[in-house]
Every structure is written in structure tokens, then in C-alpha cells.
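*Asks:*
4 protein chains.
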Amino acid sequence: MAGNTFGTLYKITTFGESHGKGIGVVIDGCPSGLELDEDHIFAELQRRKPGQSKIVTQRHENEEFEILSGVFEGKTTGTPLAIFIRNQDQRSKDYSHIMDKYRPSHADYTYSKKYGIRDYRGGGRSSARETAARVIAGALATQVLTQMGIKINAYVNQVGNIKLDSSIEVDYSKIDDNIIRCPHPQTADQMIDLITKTKKEGDTIGGAIRCNISGMPVGIGAPVFDKLHAELGKAMLSINAVKGFEIGSGFDAITMKGSEHNDAFENVDGQITTKTNYSGGIQGGISNGMDITFNVAFKPVATIISAQDSVDKEGNATIVTGKGRHDPCVVPRAVPIVESMASMVILDHILIDRSTRLEDLI
Amino acid sequence: MAGNTFGTLYKITTFGESHGKGIGVVIDGCPSGLELDEDHIFAELQRRKPGQSKIVTQRHENEEFEILSGVFEGKTTGTPLAIFIRNQDQRSKDYSHIMDKYRPSHADYTYSKKYGIRDYRGGGRSSARETAARVIAGALATQVLTQMGIKINAYVNQVGNIKLDSSIEVDYSKIDDNIIRCPHPQTADQMIDLITKTKKEGDTIGGAIRCNISGMPVGIGAPVFDKLHAELGKAMLSINAVKGFEIGSGFDAITMKGSEHNDAFENVDGQITTKTNYSGGIQGGISNGMDITFNVAFKPVATIISAQDSVDKEGNATIVTGKGRHDPCVVPRAVPIVESMASMVILDHILIDRSTRLEDLI
Amino acid sequence: MAGNTFGTLYKITTFGESHGKGIGVVIDGCPSGLELDEDHIFAELQRRKPGQSKIVTQRHENEEFEILSGVFEGKTTGTPLAIFIRNQDQRSKDYSHIMDKYRPSHADYTYSKKYGIRDYRGGGRSSARETAARVIAGALATQVLTQMGIKINAYVNQVGNIKLDSSIEVDYSKIDDNIIRCPHPQTADQMIDLITKTKKEGDTIGGAIRCNISGMPVGIGAPVFDKLHAELGKAMLSINAVKGFEIGSGFDAITMKGSEHNDAFENVDGQITTKTNYSGGIQGGISNGMDITFNVAFKPVATIISAQDSVDKEGNATIVTGKGRHDPCVVPRAVPIVESMASMVILDHILIDRSTRLEDLI
Amino acid sequence: MAGNTFGTLYKITTFGESHGKGIGVVIDGCPSGLELDEDHIFAELQRRKPGQSKIVTQRHENEEFEILSGVFEGKTTGTPLAIFIRNQDQRSKDYSHIMDKYRPSHADYTYSKKYGIRDYRGGGRSSARETAARVIAGALATQVLTQMGIKINAYVNQVGNIKLDSSIEVDYSKIDDNIIRCPHPQTADQMIDLITKTKKEGDTIGGAIRCNISGMPVGIGAPVFDKLHAELGKAMLSINAVKGFEIGSGFDAITMKGSEHNDAFENVDGQITTKTNYSGGIQGGISNGMDITFNVAFKPVATIISAQDSVDKEGNATIVTGKGRHDPCVVPRAVPIVESMASMVILDHILIDRSTRLEDLI
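Residue numbers (this note's numbering), protein chains in the order written: chain A, 47 to 408; chain B, 47 to 408; chain C, 47 to 408; chain D, 47 to 408.
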């Protein structure tokens, strides 16, 4: 089982490679009767797109998608939607420099050993190009969630050691005001400067994304293995370059005491809320109606310009030198991917939740 | 779908509540012909057991398990193993103090809202008592992995602000030499002191566990949604009180450059290894043969002695006061749980991997 | 994956062997708030029970079950129910006569070859004793369906060449009036005579069960691989001794013309129905509101008294002679099993269906 | 969950509609390193193709497929294969005659009620056009099975009341010698005559297909819910127009005695076989090495020329008259579909079986 399917009731399967025919997704379980907003899908793809600014890769990729099935007279029919983005440029570029070599911290070595064969062109299936398919499926899920009053906002929280001060209140409407997607202009400028500098050095830098989900109903999730934050964690850790995930207080909880960390309940105008939200909106694996908040850590992109020690497929020592146009930092383009994965997890669990109580069934 | 099943080929389903008849697990897909080592299971349960030391809860729990199926003449038959631990003391204690109140940062409120009914006795299904079932199933998986030369070692890495110095080389054989399960005696003493002090204050404290998996074959895992570290992440985040997970460099990767973070390959005596291991043994979602390393963050236990603001089921303001004997810090008892969950993820993916290549099939 | 789990949202996992500790089931996804009717479960087990009449095996089995989890104050909590029947008599009987021999048309040979080990006592996991667990889980599903107005009635339609005349209108209230469970007294008597005669000869005989599901809502099922009748078919074919399944017209459809077979729609007092029901209540894999009707064919029980040619585990020719008290015909006891499996399939698809349309979600 | 995914380790997801952009399939879990034989896929599609002979629909469909992913330098890479057949002619034909009417014994009514919306053009997703995707995925599975020495042969066994005499020994090499795909020339001629006559009457007729799988290893399958014949049964019942499935003796078993039906084991030149094969190659849900044999019953095609009573979407009585070019009998074109579904079930269970025994893992 190659693990290319995600979700239980809102279930997607992605396919495609960086330099093959294209990238696609089949979405099975999208509720019927949804008026498909293709512009929204396209807009989300633009946010993930290479070449969108000076701080991302200048590679050119096609983002024009074709809906192959599942829509009739502009609405989803309840049957699977297949959506495909054809790769524009499949010219057989010269990949001889990596064909037989394993690039450090890429998937070259592990794919070769697992499958005995590897599409080495641009990373093949291991390329982050695959995430375009996730953004399409996530954009659809978001359309459904929006109609339920649920909003998902991710933004860049840190690049290298430039971190958004946690005391700053975030205005989500400003996220896309700058090319780094940090809603605080001054911090954004510092982040952009750091990336620009790193890029000039032919190097790359890590970063972090913070995500906030508001408008959550109470009671979404599951109590044991499929805890809502465990599902979100898996979703995030499945994104290329992600090294860490934390929900609510996260790693800060290690140094906290129970008396500080506990979220006291209160009744505010008939609405049960908590005074603090160290739980990150989830208790016992189930949403409590507070905003869901989590952070995702991204490593520096593995492709760098400088020469690196490696081995070739015979195990001989060799040198690998980065070519091509790659991202100096992955986070600005990863924002819509984080939102997409979150969106699918939340929708899936909302669908699952509908069969929970007997009183809702009879 | 209540999400009480975990795994694909090595698949477990747990059941039971803290103060019901007991706790159990069904293991479907355990390889046949395994000589069952009941002592090993029992020993692992002892490591998770309440009352094992002065720094854990002094609650008394039964750990005697009964194998209900799946074993014949001491060996697994390939059919499902069901294993049950009967709760010793089901006396109807007085739980009226929490029956209609929502304890802060527990699952009381979310369970009530999701299901419309809640077994409030000792937390019911949300109690960490459920993890005893995981330890049983993990101990079995470990028996299989041991025969493959794979070793999983978890230990306490941090309690509050007492952190094991990362420059110290860890001797896994010393993990169980002390009651906190930190293999460095001096640090262990400091941790124990901190917990003892916190306990006296009627408070609780967070902590962290680090896990190391050695002897991994190359090629285990999957490239896209079911990346090996995404599966490990979900497994860890499904453990009660876990707030964060990081693989390899983890959150430290945020501030690193690609030139630092990349793991150069080298050939050491015919074995391809990497000079550093910021990848944490996994590249592109697939094991590269290096040790798999990850950290898990635990929040402070939510049950504390002091009075806390809360609401009751009618939404009226109320006060909740902790009763009973609870853990001042969850990490010493969580070590075998982390190992168990890791063990099941690794075994499951090893089983899945066996059908990957055509050449192995014909 | 040993395949001991059934269903998607109403998901059961069974375990246990004929002569081990007992037989059990975990039910995950039972709607919360169901008032558990233990008497109903017990009554269904009585219908499956050995020794209930002179035409079934006189073997003695315990049917007393214990609910191990998932129920609180008499109601389901939404967490997994585990229910266990302890085998009464685990005395180590003498099974040396089949220990090393493969009984013809049993699972002895295939289990041995697949797993390399086999619990030969009474058939172990391959014994129809496992179906007691299905009846428990089915009885629960039936309780939910009953509250939705759905009724499932199975009855014996044929034993050997004694077949219930298809022109006879069946009165479901008479099914349990006789020991063969055929609602037509005269046919029932003939069937009982045939079984009695066959039993005297030390032989066994095949039979068939017909099932009718009324009160079905329109729109339950799925269009492609998980067609409702495909799911019912799999469910029935998974019952021990079943050799065939047909929905609606079934094998008779082979000789029919489209002009005969098509079910014309009509509007009867505002209700859309069909004039005939060759479709068996399902069109395109989805229920159309008409009664669902299907037949299930059972082979003669494999255990017979006469000596039969076989081989032993070394492959040497040997003779197998039936011992013990076995059913001369399986169908009277299989009626509640057929109903149980049908019940679970229908409930599962009703739960799944609840997330189909956008308009029901917002 | 719309149920468009089939299989566990060899897992396919199909998509597309009869008159949408096209029909496709994603195959996840195909073993890596398989040299893709596109000619074989194409040849299988030709066997399913409309217009291939005078006794099938003269509709024109495109069968040119495009491989969108998963193949590199002619070999499968272990990543998902997506294969797409673009519909040639998407001209907006006049479907107003069925737009608001429910054709008897089609899926029009049930789709409309389930989803609230329906792509009525040519049946949309409910069209048997979807099975082209299954044939592609089955052809790939067959390539793998062939390398293991497993052969799957289906043929037409019955059309109306013309039935292949069961005493005739079948020569599988003759199956494609005639347009009905019955390997006995005289019977084939009679079948063709009957279909031709039925077609002239504007009517349709049912039929049956028999399938034989040889070269099976012993031990494939699972003992309880996922019995190998239960999986085959579900696979067959998921094919459009199928009304019944029987394994081995099937419905004939009803009238048989145990002493007749039991398959005595014997040792023939060191190979354990059975003297008869009423079990159909499967015992206790697991293959015993004998040929697997089963029958599949197909109803007469629902589209007929004569006027039929029906209702429209407002529930008013109306008349539906068949238009277009439809199959007078579905079986000749269904032969490769039966083989494809069988092929995928067998391969999937062979892949699953590889992780069964401990001794194969260490």
C-alpha cells in the first residue's frame, strides 16, 4: 500500500510526478450539490505557485487544472471528482547529474532502495509538486467548511530566528498582504530580508507556520487513536519538509505546571468557553468549540548550490552540486498547503460525526 | 467511527473504561508462529503501572491480563488475539463531585457534548487506563521486531526545565535504573526532586520523552500521506496528554540552514550511512537505515488539588477540586507507551513493505 | 490482515475459537444513547444455539454473554462495546483423531498451510461458533434499525429438494413457530422429516435461506464497488457453509427478457413504487424503497459419520471418520446469522449515507 | 464515502462518467518494477469494447488510454498509476427524453434521491462505461499474476435458456474464437442466434459467466469476514447487471448430501489435491490449490425499445421509450470485466498473505 490516499469519508487519492504527464487528485466523498467555485481553487493554487515572488523558486509550473469528472451543470454530483494539472514542460532535461547520485536529505536513496527504481527527474513523486493536488482538494473542502462558518487561517510565524512576537494580535486579513505571508508587516520585512540574504548565499533556511481554525462546532473528533489533533498532526507531518507539529501549548507545555496550563471553563453570555486556550481547541481528541491552534516546523530546503559529499548508486563517494531554481525557504508557499490539509481533516471528521448519536438518526 | 482501531496489517482495537469491567485489546494480523512471551508483556505493564514508585500515582490497578484467544500451545495462530485486564475494584465510588461538572482540560465537556452521555467514573474511556491495552499490543510487536534486530528505546528527556544535556551520550541499558527513566543519573535525580516538590504543592508538571529506534532496514514507510514519521507522529499524538511531536532536528530545523541541516551520505565499510542525522532516520517518508529519533512533549496532568473555576452541565459557574491520587508528572509511566506505539507503527510498515517489489513476489 | 473486522462506521471485530476461552466481539461505532436490550441479544443467541431442537446438533454451548465495555447506566456511550461469551467446557477432549489429519471440506488443510499452525480443537477459529459473536453485534444493529422502522426477516426457503412454493405468501410472524424456521407449516414438516431422515443416515443436507428487508429508506448504498447488494453478498458469503447469493431475480434473471424483468415505476398514493420487484429493492447499488430480497445457499455440513478418504499432514493417505454431535443441516440455526449480517450492512450504509448531501450538512 | 475504491494493498479508485470528460482509474499499490504491457491493456479493452461484433451495442466509444503517472522508462515505479480514457464524443446530445424521467430498472431514481442531482447523460456514473477503468486495472493485475503462473479464464456459460452442457470439457484457448465468448462452437452458435433474435424484437436477455482460476498457491485468503470467495462475490456483484454469484457447487449444494459434496483429499505424486472440487478451490475462506470456479448471473439489459410505464421526477405517470444503441445481452462484453475483478481480488490477497507467518519475516 503506497499510502497515496487520505481521509475516511472525504477521501482523496493523489497521483503524478514532477516531470511526468502531470499531477492529479481524485476526491471521493465530496458532498453533492456543492456549487464548484473554480476561481477559488485557482486562487489557492496561485498562493502555492512557484514564481509568485522574488523569495520563492523562479521555476515555471502550470497551474491550469482540468476537472475530469464528478461535476454536472456546475455542481458536485456526489461521485468522485478527478482533477488534473498537466505539466507544461516535459522536455527531457538533463538530469544525468543526479541520475545515479543520491542528493543529501532528499528521497533519492530511500526511494531507490524501497522500489528498486526511481523517477529521478525533478524528484519524481517525492517532489513538492504533489502538494498542488492537495491544495485543489483542500480548496474544495474549504468551500464546504465556509458554508458551515468555519475559517482556517495559516500564516508564517517564523523564518530562521525571525519570529513573530506572540504578544502581537494577528489580523488574518493581512496574511496575503506581503510575499512571506506573515500578517505583521515589520516582522514580514525582516523575514523577507533574511530569505533574500540566504538566497544570495546559495543556501536555504527553515521556518514555521501557525494555523488557526475558528468557528468550530463542539464535539468533532474521536477519543482514542483518531484524536483530532493526532489526525491534524499526521496531515501536517505528511507535508514535504515538515519536522515538527505542536497543538495548543505544544512544546511549551513541558515546562508548565497544571495550575497554569489548565483551561478554566466559563459561561460567557450562554456560551461555554475557556479562559485560556492551552488545549488548542481540542480536549480528549474532540473539539471544545475554542479556536484550534497549531504550529508546524519546516526544515531548510535540501537543494543548495554548494558542493556536498554523497555517494552514487554503487556506493562510491561523489560530489553533488545543486542546480536549478529552488526555494530558499519553503514556508511562504506552504501556507495554502497547511490550510488545505487542515481543511480536509476537519471536514472529514465533521462528516464522520454525523452518525454519532442515536437521537440524530431516528 | 469512534476511531478505536490502529494500524493496517498489524491492526489493534482497544476497548474498556477506567471504572468499567476492564480494559482490553484485539490484535488482528499478528504473524503466526510467534512464541508468546507473557513475561515480557507483564514486565512492560509493570513499567506503565501506577504505584510503581513515589513519583507516580499511588492508585492501585490490576495488571493481570487474560489471553482470551489467538494462542495455541503457546504460539500465535494468525487469528486475532484478544487480551483483557479486569478492573480489580469496581466499587461504586463517590463520583458525584464530577458527575455534573466539567473538569478543566479534561475530556468531560467534549465527551458530553459529542455523545450526549458520559461514563464519568474516573474519566471512563478518556482515562489513560486505556493505554494499558496499547502496551500489551506493543509488547507483542516488540517481540517480533526484536527477532528482526530492531530495538526501540524511549527515555525521559525533560521534566519542567530540567533537561538532559544533548551532548551526553545515552546508555539505553540505564533507562530503567531509576524511577524517572532518564538514563543519566544526575539529571534523573534533579527530575525526581522537581516532581517531588511539585507533588507536595498539589500541582503537576510537564515533560518530554525521546525515542530512538535502531536496526531499521532501509526502505520502510511510504512516500506521501503515510510517511513513516507522519504515522509515528499520529501514534504519539494519540497518547493522552501529548501536545507535540518532532522528528530528527524537529523544531530546531526552523533556525537552521540547508548547508548545516543536510545529511551527507558516506560509505562506511560498504554500508551507506549519513554523517549527521538531522533527518531522524527518515527521508521522503521512508527509513534510510539510520536510527529513527523523535521527541514527544507532554503537558502537565490536568488533575490538580487546588480549586479551579469551571461550569456544570447546565452552564452554571462552579468550582472543581481535584481528588484522588494522580500523577504529578506523566512521563515516567509514558515511556513504555511511547515505545509501544512506535513498535506497532514500525511493524505495521514492515509488514506492508513486503508486497512492494515485483522481484520479491515472483 | 486476517480480516476479522467488518463494516466502516458500524465496525465489528470478532475473536475467539471453538474450544479456547470463548468467543467475543468489539463493536466500534454503535450510536450513543441506545438503551441496550440484553434480552433481545439473548433471545437472538437462543435462535442460533445448538441443542435448541431435535434437528440441530445436541452439542452444548454456553450463550451467557458478558458486556465488558461501552455501556453506562444501561445505555451505549459511543465508545466500543466488547461482549464476550466464555466457553463453558474447555476440558481437553481427545482430538487426536483429527490433530494430524485434514477433514474433507473443512478448513483444516488450508489453515495449516496458511499459518503453519492450527488450533484443531473443534475447528478452532474456523468453527461456526464464531457466528455467535456476529449475532450479538447484529442484534444491536437490529435494535437501532427497529427504531427507524426497518424490519429484517429471514426464513428457511429450501432443504434438499423440499422448497417453499414461491406462490405462497409468507407470514413472517410464523417463522419461529417451528424448529426449521420455515413460515409455511406443511413445508416445514416436510423439511423436518427430510432432515430427521438424513440425520439417521449419518449424513447431512444443504438448504437455503431467503431474507426480506422492509421499511428501507430510498437512497441507501453506494454506486460502484460498494453497491448495497455487493456488500450484502459479501456479508452472506462470509458465513460458514454459504456457497451462493442472489439478489432479487437472481439466477432466474439469466433466462428472462428485459421486457419481463424491468420494474415499472408507479405512483401509489404519492409513494413511488415499482409494480414488480425483480431488482430486489436495489437499483444501481442503491435502495429504491422497495423490500430488499435475497437468497443464500448453504452446502451440506462437512462433518458426516461415514469414513472418508483423506491425507494426513505428511501427505499419507488416511481415513477420517466423523465424531461428535453435528448439525444434519445448517439452515435452521443460520437464520439469525443471516439477519444479523444483513442488519449490520444496512445500518452501516445508513450511517455512511448521512454525510452525502451538502444541504443536510449546512 | 461514495465507495469508488476497491482493494486493500492493490487498491484502485475509479472515476468518470459516460458522457463527461472520460473514465479513469488510479492504481495504488501495484508492485514496482513491472514492465508495463500496454498492448495487453489495449487488447483487454478491445474485448470489452462496444461495436466489436453484431451482437453487442453499435455505440462508438474511445478506448485509447493515456497513462498519466506511475511509469518510468516503461516500468512501474511503485507510485500510483493514473490511467485515463477521454470520451471521444461529448457533444451535448439530446437527453431531454430521460432528463426528468426515471427509466425502469436503471439507477436514475435512486441516484436522484440519494444525491439530489444526477448526470443523466447516458447514465452518467451508473453507466457500464465505468467498467473500462476496471479492465485497465485488472489487466495490470493479470500481468503480475501471469508471472506467478496464475491463469484466470472466464467464458459465457449461458444465454437465456441456452446453457453450455456441464459435461463438456472446456478448452479455454477457444474462448475468443467466437463473438459470444463461449468455448463450445455449437452452443456459441445457439447463443448468438438467441441474442440476434432478441435484438430484432427490441428486447434484451440475461446470461451467465463462468470463471476458472488455475495455478493458485495454497493459503491465499482470510478466514472470517474477508473469505476469498466473499471477496470474489462482492467483486462480481459490484459489476453492473449482476444478480447472483455462486462458488464451487453453489446453489446446487442445496440439494446435495454431505457424503456427496465433501471433497476427499488425495496425494497425487506428492501433490495434495481433492478428488472432486465442490468447494470451488476455497475452504474456510482460503485457497486449497485446486482451481477456483464460480458463476455469475447477469440480468437482461434494462434499456429496451418498447414503451414502459414509469414516473417523472414530480411523481407523475409517464412513458419511457428506449433510444440509442444498447446491448441485447451483456455477457460477451462482461467476460473481461469478470476476469479483471477476479484478477484484482486474487492479487490483493496474495500481497496481503506475504505478512502472515513469522518464519517468512525474520
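Beta carbons are placed, not taken as given, at the ideal position from N, Cα and C, and that holds for glycine.
1) For serine 386(B), I'd like the list of residues in its chain whose CB is within less than 6 Å of its CB, leaving aside the five on either flank, ordered along the chain.
2) With a cut-off of 8 Å, does the C-beta of phenylalanine 130(C) fall near any C-beta of chain D?
3) Beta strand (DSSP E) containing serine 356(D): first to last residue?
4) Between serine 191(B) and leucine 55(B), is the Cβ-Cβ spacing less than 8 Å?
5) Assign leucine 80(B) to one of three DSSP states: helix, strand, or coil.
6) Would you mind telling me which residues of chain D sit closer than 7 Å to lysine 160(C), beta carbon to beta carbon, in chain order?
7) Could you spell out where the beta strand (DSSP E) holding aspartate 74(D) opens and where it closes?
8) Buried or exposed: which applies to alanine 353(D), given that a residue is buried once 16 or more other Cβ atoms fall within 10 Å of its Cβ?
9) Run through DSSP, which three-state label would aspartate 403(C) get?
10) Against glycine 206(C), what residues of chain D qualify as contacts under a CB-to-CB distance less than 9 Å, listed in chain order?
11) Skipping 5 residues on each side, what residues in its chain have a beta carbon closer than 6 Å to that of threonine 103(B)?
12) I'd like to check one pair, glycine 70(A) with glycine 79(A): are the Cβ atoms closer than 8 Å?
13) Give me, in chain order, the residues of the same chain whose beta-carbon lies closer than 6 Å to that of aspartate 74(B); leave out the 5 immediate sequence neighbours on both sides.
14) Quick one: Cα of glycine 261(C) to Cα of lysine 160(D), how far?
15) Taking Cβ-Cβ distances below 8 Å as the criterion, which residues of the stretch 88 to 113 of chain C are in contact with chain D?
16) Please state whether the Cβ-Cβ distance between phenylalanine 340(A) and glycine 326(A) is less than 8 Å.
17) Nearest by alpha-carbon distance to serine 284(B): which of Ile328(A), Val381(A), Ile113(A), Gln232(A) is it?
18) What first and last residue would you give for the alpha helix (DSSP H) that runs through glycine 430(B)?
19) Taking only three categories from DSSP, how would you classify serine 389(D)?
20) Kindly indicate which three-state DSSP category serine 333(D) falls into: helix, strand or coil?
21) Find the residues of chain A that neighbour proline 269(C), judging by a C-beta separation of less than 9 Å, and give them in chain order.
22) Going by C-alpha distance, which of Arg175(B), Ile131(B), Glu81(B) is nearest asparagine 286(B)?
23) I need the straight-line Cα distance from glycine 290(D) to glycine 296(C), nearest angstrom please.
24) Using a Cβ-Cβ cut-off of 8 Å, state whether glycine 248(D) counts as contacting chain A.
25) In this structure, how does DSSP classify glutamine 98(B) when only helix, strand and coil are distinguished?
26) From the beta carbon of leucine 397(D), is the nearest beta carbon of chain B less than 8 Å away?
27) Counting only Cβ pairs nearer than 8 Å, list the residues of chain A close to glutamate 277(B).
28) What do you get for glutamate 81(D), buried or exposed, if any count of 16 or more other CB atoms within 10 angstroms of its CB means buried?
29) Show which residues of chain D have a CB atom less than 7 Å away from the CB atom of isoleucine 408(B).
30) Using C-beta distances below 6 Å, list every residue in its chain close to asparagine 133(A), excluding the 5 sequence neighbours before and after it, in chain order.
31) Given that glutamate 63(C) touches chain B, what residues does it touch there, using C-beta distances under 9 Å?
32) How long is the line joining the alpha carbons of proline 150(A) and serine 333(A), rounded to whole angstroms?
33) Express the C-alpha separation of glycine 170(A) and glycine 66(A) in angstroms, rounding to a whole number.
34) Grouping DSSP H, G and I as helix and E and B as strand, with all else coil, what is lysine 209(A)?
35) Buried or exposed: which applies to isoleucine 196(A), given that a residue is buried once 16 or more other Cβ atoms fall within 10 Å of its Cβ?
36) What does DSSP give as the partner residues of cysteine 38(B) in its beta bridges?
*Replies:* Reading off the structure:
1) Arg180, Val181, Gly184
2) no
3) 353 to 357
4) With the sequence shown as reference, residue 191(B) is identified as leucine, and serine is not the correct amino acid for it. No, Cβ-Cβ distance for leucine 191(B) and leucine 55(B) is not below 8 Å.
5) coil
6) Gly265, Ile332, Thr402
7) 68 to 74
8) exposed
9) Residue identity differs from the one stated: residue 403(C) is arginine in this sequence, not aspartate. In the structure shown, arginine 403(C) sits in a strand (DSSP, three-state: E or B).
10) Ile300, Thr301, Met302, Lys303
11) Pro96, Arg371, His372, Asp373
12) no
13) Lys57, Pro126
14) 16 Å
15) none
16) yes
17) Ile328(A)
18) Nothing in the structure corresponds to residue 430(B), since chain B is present only between 47 and 408.
19) helix
20) strand
21) Gly124, Thr125
22) Arg175(B)
23) 5 Å
24) no
25) coil
26) yes
27) Lys280
28) exposed
29) Gln193, Met194
30) Gly68
31) Ser115, Gly116, Phe118, Thr123, Thr125
32) 40 Å
33) 7 Å
34) strand
35) buried
36) Since the first residue of chain B shown is 47 and the last is 408, residue 38(B) is not available in this structure.
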